[in-house]
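Undergrad: Starting off with a structure, shown below.
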Amino acid sequence: MSTAVANLETDLGFELFDRSRRLPELTALGHEMLLEAKAVLDQAERLQSRALTASREEEIELVLAFDEAVQVLAFQPVIIALAKKFPHLKLTIINGSRDDISQYVLQKKAAMGILFRTKEIDAQLEFTALGQYQMRLVVSNDHPLTHIKSPSLSDLQKYRQFVICDKTGRGRDKPLVADHWYIDSYYVIGDLVGNGLGWALIPEHIVNSEFYVKALKALSLKSLPLSETTEVGLIRRRDTGFGVVGEWLHTELPKMFLVEE
């Protein structure tokens, strides 16, 4: 590797690394070239994806992965339109939490996925924003926190937090308090919160669903260092092309995915 780098520096006419220290560090020009190289690689992946798409015909089957917390009514219109436009397509829909969806697409178990974006996604994935969901801080109706209209972080630290994770338990959101449990479903979290076992941050449409509307109480987030919204979007592999069906979906989902703000 060192020989290859040295040869590259010779071809470029300048040093990429400062070797005056024990561990080589990128020079200022080296940092600039790294950014340029990453941009070239991204463009190459997009070009490969387009080339693969151009060479493919209509898919026989397609797998879509949806975050289980995404509102069902939001994507029904596009699924109905898909069924009418491609009546012979064999469609498979799989569910999971946010990080599960990323893994399904990375591992090519799904052609594309829709998920909540609360952190940076893998560099191999391309993210297209579709909209935003409101998040709510919730407790049970008889929880001690109900007496505090706008709880602070110190108020929350007295009680257990339920935090969303993937099915392996490794992909997790960052907890706000020391006493926390990781759960792989917002619906299970809703049940636990409704039984008075702690508090959680849950998408608003789940809080307002018939399952929880009478069991959960939403509190203000104004005193907390948190955003009241989370972005929802479409992911696909940068280096993978689509056939006719996949390209249609990738184009139509941003148009038809109705997200309630």
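Just so it is clear: in the sequence shown, position 124 is 124 by UniProt numbering, and no numbers are missing.
From the three backbone atoms N, C-alpha and C, an ideal C-beta is built for every residue, glycine too.
Quick caveat: nothing in here was measured; it's all calculated off a predicted structure.
1) Have a look at A81 and Q157 and give me their C-alpha separation to the nearest angstrom.
2) Is it buried or exposed, L153, if we count other Cβ atoms within 10 angstroms and call 16 or more buried?
3) If you compare alpha carbons, which of G233, E204, S223 and G194 is closest to K214?
4) On the DSSP bridge assignment, give the partners of P254 in chain order.
5) Using CA atoms only, rank isn't needed, just tell me which of R170, I148 and G233 is closest to A223.
6) By DSSP's criteria, K90 is part of a beta bridge. Which residues make up the other side?
7) According to DSSP, what are the bridge partners of Y182?
8) Compare the Cα-Cα distances from Q161 to each of E126, A123, I202 and K167 and report the closest residue.
9) Could you check where the beta strand (DSSP E) with T229 kicks off and where it finishes?
10) Tell me the DSSP bridge mates of Q134?
11) Could you check the C-alpha separation between V63 and F86 for me, to the nearest Å?
12) Looking at the unbroken beta strand (DSSP E) that takes in A218, where does it start and where does it end?
13) According to the neighbour-count rule (16 or more other Cβ atoms, all chains shown, within 10 Å of its Cβ), is I206 buried or exposed?
14) Quick test of your reading: G190 and L216, contact by CB under 8 Å. State the CB separation rounded to the nearest angstrom.
15) What is the rounded straight-line gap between the Cα of E228 and the Cα of W248?
16) Measuring alpha carbon to alpha carbon, tell me which residue in S150, T128, H180 and D155 is nearest residue 263.
17) For Y182, which residues from the same chain have a beta carbon less than 7 Å from its beta carbon, with the 5 sequence-adjacent residues on both sides left out?
18) Since L197 is in the beta strand (DSSP E), which residue starts that stretch and which ends it?
19) Using only alpha-carbon positions, find the residue among L253, V244 and Q43 that is nearest to I60.
20) Using the three-state DSSP reduction, which class does F154 fall into: helix, strand or coil?
21) For the ligand SAM, any of its heavy atoms closer than 7 Å to the Cβ of G246?
TA: Judging by the given coordinates:
1) Spanning the alpha carbons of A81 and Q157 requires a straight line of approximately 47 Å.
2) Per the 10 Å Cβ criterion, exposed.
3) Nearest option by C-alpha distance: G194.
4) None, per the DSSP bridge assignment.
5) It should be noted that the sequence gives Ser, not Ala, for residue 223. Of R170, I148 and G233, the residue nearest in Cα terms is I148.
6) DSSP lists E61 as the beta-bridge partner residues of K90.
7) Among the bridge pairs identified by DSSP, Y182 is matched with V163.
8) If we check each option's Cα against that of Q161, I202 comes out closest.
9) First-last of the beta strand (DSSP E) with T229: T229 to R237.
10) T229.
11) Each residue's alpha carbon lies about 14 Å from the other.
12) Boundaries of the beta strand (DSSP E) harbouring A218: L216 to L219, taken from the DSSP string.
13) When all chains shown are included, I206 counts as buried.
14) Contact between G190 and L216 is confirmed by a C-beta separation of about 7 Å, below the 8 Å threshold.
15) Here the alpha carbon of E228 sits roughly 32 Å from the alpha carbon of W248.
16) In this structure the chain extends from 1 to 261, so residue 263 is not present and cannot be described.
17) By the criterion of a C-beta distance shorter than 7 Å, Y182 is surrounded in its chain by V163, C165, G169 and R172, once the five residues flanking it on both sides are discounted.
18) If you look at L197, you'll find it isn't in any beta strand (DSSP E); DSSP assigns it neither H nor E.
19) A check of alpha carbon separations from I60 across L253, V244 and Q43 identifies V244 as the nearest.
20) Before going further, note that residue 154 is Ser rather than Phe in the sequence given. Of the three classes helix, strand and coil, the one that applies to S154 here is helix, per DSSP.
21) Absence of the ligand SAM is noted for the structure shown, with no ligands found whatsoever.
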